[in-house]
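Anchor point for the sequence shown: position 116 equals 316 in the numbering used here, and the numbering is continuous, going up by one each time.
All residues carry an ideal CB built from backbone N, CA and C; glycine is no exception.
Since the structure is predicted, the reported quantities are computational estimates derived from the model, not experimental observations.
Right, one structure below, let's go through it.
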Amino acid sequence: MEEEFIEQINHYQGILQKICNVYFYKHPYREDYYQEILIRLWKAYPMFKQESTFSTWLYRVALNAAIDLVRKESVRPIHKELSAREYLIHDTHSEDNSMTDKKELLYQAINQLDNLEKAIIILYLEGYEYKEISTLIGISESNVGVKINRIKKQLIKRIKDGRK
């Protein structure tokens, strides 16, 4: 059982990293929270009945653990407003860092969402269908569609505002 668990975690490690990046973005204890989520996954693993895919189960448990940690520890994202001068600084390696910068902007914008919105957008970006998201989150499929559209608009606005 332990070997199976480790193999699955290694295979889906990217999911856990994304959840930690979204919920604990630039938090000093991010790695500690990652470990806590792993511990919770291990404790919940014996109850995994394979009624869904492992990745779906992992998302459900890891998202619930992250949200629980945010609530219990009162973790708040660390936001630092950049000065107008800092926004004007151009990176000399902009071609190399272009994708990293875009990813960083996206994580910053996602981090400003509430917990439910974060969970929904993570699943959406991972390619989950509305029906799967509705099952995981516990809201109707049509509500998922509405929320995704609103979240997209928020993210676009926040990213545009961040570039000004």
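Output the distance between the C-alpha atoms of residue i and residue j, rounded to the nearest integer angstrom.
| i | j | result |
| --- | --- | --- |
| E251 | K302 | 37 angstroms |
| F224 | Y324 | 19 angstroms |
| E202 | P246 | 10 angstroms |
| I230 | C220 | Looking at the sequence shown, residue 230 is not Ile but Arg. Going by the C-alpha atoms only, they are around 7 angstroms apart. |
| D361 | R350 | 16 angstroms |
| Q208 | L216 | 12 angstroms |
| Y330 | E317 | 14 angstroms |
| I333 | K272 | 25 angstroms |
| I339 | R240 | 24 angstroms |
| H293 | F248 | Summary for H293: the model assigns pLDDT 44, below 50, so the residue's position carries little reliability, and this model does not support an answer. |
| L355 | A309 | 6 angstroms |
List the whole-angstrom C-beta distance separating residue i from residue j, where the pair is believed to meet the contact cut-off of C-beta under 8 angstroms.
| i | j | result |
| --- | --- | --- |
| I359 | L305 | 5 angstroms |
| N343 | I267 | About 18 angstroms; that fails the 8 angstroms criterion. |
Taking the alpha-carbon of residue i as reference, which of the options has the nearest alpha-carbon?
| i | options | result |
| --- | --- | --- |
| I206 | V222, K243, V346 | K243 |
| K353 | L313, V261, K218 | L313 |
| D232 | G327, I348, A265, W257 | A265 |
| Q213 | F248, S334, L258 | L258 |
| V270 | N311, E341, I348, I333 | N311 |
| K218 | E204, R240, I321 | I321 |
If I follow the unbroken alpha helix (DSSP H) through residue i, where does it start and stop?
| i | result |
| --- | --- |
| L234 | The question names Leu, yet the displayed sequence has Tyr at residue 234. Counting along the chain, the alpha helix (DSSP H) containing Y234 begins and ends at 230-244. |
| G214 | 213-223 |
| K226 | It is not in any alpha helix (DSSP H) - K226 carries neither H nor E in the DSSP assignment. |
| Y330 | 330-337 |
| S366 | Absent from the structure is residue 366, since the part of the chain shown begins at 201 and ends at 364. |
| L313 | Taken as a continuous stretch (DSSP letters only), L313 belongs to no alpha helix (DSSP H), as it is neither H nor E. |
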